[in-house]
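Chemist: I'd like to ask you about the structure that follows.
Numbering (the numbering used here), first residue to last: 49 to 329.
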C-alpha cells in the first residue's frame with residue numbers, strides 16, 4: 049500500500065513536469081549552491097525515491113534530447129563546492145573561543161555545515177542509477193553524442209578523496225588526546241555520514257554490474273581513498289574502543305567500513321576483470 053501511494057504521488061509530480069524542472073534548475077545553477085538548489089535536490093530525491101524507473105527514463109531522455117552538458121558541469125561544480133572537515137578553520141575557531149571571540153554559532157557548528165546538502169547531492173545521483181539502471185550508469189560516465197562530456201564517476205571519487213584526507217587530518221589532531229571530545233565526535237559523525245553516502249552512491253554506479261564504470265573506478269584514485277580509510281579504520285577503532293563515551297561514534301565508523309566493503313565487492317561483481325582485483329590487492 050505504501051509503495052502504491054508513493055508511486056501515485058510521484059506520478060502526479062511527474063505529470064506536472066517535476067522531472068524536467070529538477071534537471072533545468074540544477075543545470076541553471078552553474079554549480080553554485082543555494083536554497084533553490086537544495087530544495088531542487090530534495091524534490092529530485094522525492095520523485096526518484098524507490099528507484100522510479102519511469103522518472104529515471106524521463107530524465108535520461110530529456111538529457112539526451114537536449115544534449116545538456118550544463119547539467120553535468122553543474123553537478124561536478126556542486127561537488128567541488130561541497131565542503132569537508134577543515135582542520136585549519138576548526139583550530140582558528142578554537143583559538144578564538146579561547147580568547148572569548150567565538151561567534152554565536154560556536155566553533156563546532158562551523159565545520160562541515162553543508163553535510164545535509166552534500167548527502168542529498170550524492171543521494172540524488174544514487175537514485176538516478178537505482179535498480180541497476182545501466183543506461184544512466186553509463187551516461188553519468190560519458191555523455192555519448194555531446195561535444196563535451198563530464199565524468200561524474202571520477203568527480204565523485206575526487207570528492208571522496210577530499211573527505212578521506214580531511215578525516216585523516218582530524219584523526220591526527222586527536223591522536224595525542226586521551227579521548228575525542230564531544231565537539232570532535234560531532235565533526236567526525238558528520239564526515240562519516242557524508243562518506244557513507246558517497247560509498248553507497250559509488251556502489252550504485254557499478255552494481256549490475258556496469259563494467260564501464262568499474263573500469264573507470266579501477267583506473268582512478270579511488271584506491272588512494274580506500275587505503276586512506278583503511279588506515280583511519282585501524283587507528284580510530286583502537287582509540288574509540290577505549291572509552292564508553294565514544295561507542296556510538298565507533299558504531300558509525302564500523303558502518304562506514306561495511307559500506308566501503310560492499311562497494312569493493314561490487315567492483316568484483318560478475319566482471320572476470322583481473323585489473324580491479326590486482327588494484328585492490
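Ideal Cβ positions, reconstructed from N, Cα and C, are used throughout, including at glycine.
Quick one: complete alpha helix (DSSP H) runs, 4+ long, within the region 108-196?
Modeler: Qualifying alpha helix (DSSP H) stretches, in chain order: 117-129, 135-146, 163-177 and 182-189.
Chemist: What is the residue span of the alpha helix (DSSP H) that residue 73 lies within?
Modeler: Counting along the chain, the alpha helix (DSSP H) containing residue 73 begins and ends at 66-76.
Chemist: Figure out for me which residue from 277, 110 and 97 has the closest Cα to the Cα of residue 65.
Modeler: Of the candidates 277, 110 and 97, the one whose C-alpha sits nearest the C-alpha of residue 65 is 110.
Chemist: Between 167, 159 and 215, which has its C-alpha nearest residue 86's C-alpha?
Modeler: Measuring from the Cα of residue 86, the nearest candidate turns out to be 167.
Chemist: I think residue 186 touches residue 117, with their Cβ atoms under 8 Å apart; what is that distance to the nearest whole Å?
Modeler: About 16 Å; that fails the 8 Å criterion.
Chemist: Would you call residue 302 buried or exposed, if buried means 16 or more other Cβ atoms sit within 10 Å of its Cβ?
Modeler: Residue 302 should be labelled exposed.
Chemist: If I follow the unbroken alpha helix (DSSP H) through residue 279, where does it start and stop?
Modeler: Its alpha helix (DSSP H) spans residues 270-288.
Chemist: Anyone know if the C-beta pair for residue 288 and residue 278 falls short of 8 Å?
Modeler: No, they are not a contact pair.
Chemist: Let me know the secondary structure DSSP gives residue 232 once reduced to three states.
Modeler: Three-state result, residue 232: helix.
Chemist: Does residue 62 come out as helix, strand or coil in the three-state DSSP assignment?
Modeler: Reduced to three states, the DSSP call for residue 62 is helix.
Chemist: Under three-state DSSP, which class holds residue 257?
Modeler: Coil.
Chemist: What residue range is occupied by the uninterrupted alpha helix (DSSP H) comprising residue 81?
Modeler: No alpha helix (DSSP H) holds residue 81; DSSP gives it neither H nor E.
Chemist: Can you give the beta carbon distance from residue 252 to residue 178, rounded, assuming they're within the 8 Å contact cut?
Modeler: Their Cβ separation, rounded to whole angstroms, is 6 Å, which keeps residue 252 and residue 178 in contact under 8 Å.
Chemist: Counting pairs of Cβ atoms below 8 Å between the region 115-131 and the region 70-78, do you hit three or more?
Modeler: Touching, yes.
Chemist: Looking at the structure shown, is residue 300 part of a helix, part of a strand, or coil, going by DSSP?
Modeler: Residue 300 falls in the helix class under three-state DSSP.
Chemist: Do you know how far the Cα of residue 139 is from the Cα of residue 174?
Modeler: Cα to Cα, the separation comes out at about 34 Å.
Chemist: Are the Cβ atoms of residue 123 and residue 205 separated by less than 8 Å?
Modeler: It is not a contact, given that the beta carbons lie outside the stated cut-off.
Chemist: Between the Cα of residue 295 and the Cα atoms of 234, 101 and 217, which residue gives the shortest distance?
Modeler: Cα-wise, what sits closest to residue 295 is 234.
Chemist: How would you call residue 67, buried or exposed, if buried means at least 16 neighbouring beta carbons within 10 angstroms?
Modeler: When all chains shown are included, residue 67 counts as buried.
Chemist: How would you label residue 84, buried or exposed, when you count the other beta carbons within 10 angstroms and need 16 or more for buried?
Modeler: Burial call: exposed.
Chemist: Roughly how many angstroms separate the alpha carbons of residue 242 and residue 197, rounded to a whole number?
Modeler: Taking the straight line joining both Cα atoms gives about 26 Å.
Chemist: Going along the chain, which residues of its own chain have a beta-carbon closer than 6 Å to the beta-carbon of residue 273, five neighbours each way excluded?
Modeler: Answer for residue 273: 208, 209 and 212, listed in chain order.
Chemist: So the alpha helix (DSSP H) residue 212 belongs to, where does it begin and stop?
Modeler: Counting along the chain, the alpha helix (DSSP H) containing residue 212 begins and ends at 200-222.
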